[in-house]
Amino acid sequence: MSEDHWSGIAGIWSEVWGATAEPAWRAVLDASGAGPGARVLDVGCGGGEFLAYAQSRGLSTAGADPAPGMLALAAARVADLREAGAEDLPWPDASFDLVTAFNSLQFAEDTDDGLAELIRVTAPGGHVAVANWAERALNDLDAVEQALADGPPAPDGDLRVPGGLEELLEDGGLTVIAAGLAEVPWRVPDEATLVRGILLGEDPGLTPEVIGAARAYRNDGGGYLLVNHFRFAVGRRMA
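Following full-length UniProt numbering, the numbering of the sequence shown begins with 1 at its first residue and continues without gaps.
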């Protein structure tokens, strides 16, 4: 997706999806040992939801995102924001104790180059953490999206499968200290929110198809629960 596209859907994305990855945030911060006063940079920070969470745990925060619309939302939460992608981070070497990329590094033109930049701005002894959607078989959301698709699903990318994130970090010269799965349930209060979250403001004519595809996940109160998973891995930059 382009920066213009992400800017255009920033409000919907932040409202419906912004806090969904909180279990992965918690797993990453716990694994890294980042405590009060630690400096954390979130690459692909979106609306700043993770950084607000990190601030609640006493961390000093900064964020980068290539989409101006996302940064406009994040500005209400974070002071140090830069318009930048993973491959060109405008901070000096060794600026942060922890650098994170939640559901963002896979959008870099070259993930190895993006990871190298994350490592460059990480202090020796600090940590780099990457997290993204797990393989499709572990996500109810993918089952819904496939029901709307015309053809067979695309194969899972290298970073979604078991061991993929660990291999990426190790190839970058990091020592992997933790990796795993985080369950990230998507709780939707009603049909309108479900449709907004799936279609993100596009193709309103698909509304009946979305509701039909998600029928198995509807509860008696009219809401929906889709159980999904993120994979995460945390690596240490050697001193």
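Beta carbons are placed, not taken as given, at the ideal position from N, Cα and C, and that holds for glycine. Keep in mind that this is a model prediction, so the values were computed, not measured.
Original post:
Since residue 17 is in the alpha helix (DSSP H), which residue starts that stretch and which ends it?
Top reply: 10–17
Original post:
For residue 63 versus residue 106, is the C-beta spacing smaller than 8 Å?
Top reply: no
**OP:** Could you work out which residue in 176, 17, 232, 69 is closest to residue 134 when comparing CA atoms only?
**Re:** 232
Original post:
How would you call residue 49, buried or exposed, if buried means at least 16 neighbouring beta carbons within 10 angstroms?
Top reply: buried
Original post:
Taking just the CA atoms, how far does residue 119 sit from residue 43?
Top reply: Roughly 12 Å between the two C-alpha positions.
Subject >> the stretch 161–175 touching the stretch 210–229, judged by at least three CB pairs closer than 8 Å >> reply: Not touching, per the Cβ criterion.
Subject >> Contained beta strand (DSSP E) runs [length at least 3] in the stretch 117–154, N- to C-terminal order >> reply: Whole beta strand (DSSP E) segments, 3+ residues: 122–133.
Original post:
residue 191 to residue 92, Cα distance in whole Å?
Top reply: 46 Å
Original post:
Near residue 58, what residues of its chain come up, given a Cβ to Cβ distance below 6 Å and the 5 sequence neighbours on each side ignored?
Top reply: Within its own chain, the residues whose Cβ lies closer than 6 Å to the Cβ of residue 58, once the five positions on either side in sequence are excluded, are 36, listed in chain order.
**OP:** Count the other C-beta atoms from every protein chain shown that fall within 10 angstroms of the C-beta of residue 205, then say buried if there are 16 or more, exposed otherwise.
**Re:** exposed
**OP:** For my contact list, residue 184 and residue 230 are in at a C-beta cut-off of 8 Å; report their separation, rounded to the angstrom.
**Re:** 5 Å
Original post:
Where do the N-terminal and C-terminal ends of the alpha helix (DSSP H) with residue 73 fall, by residue?
Top reply: 68–74
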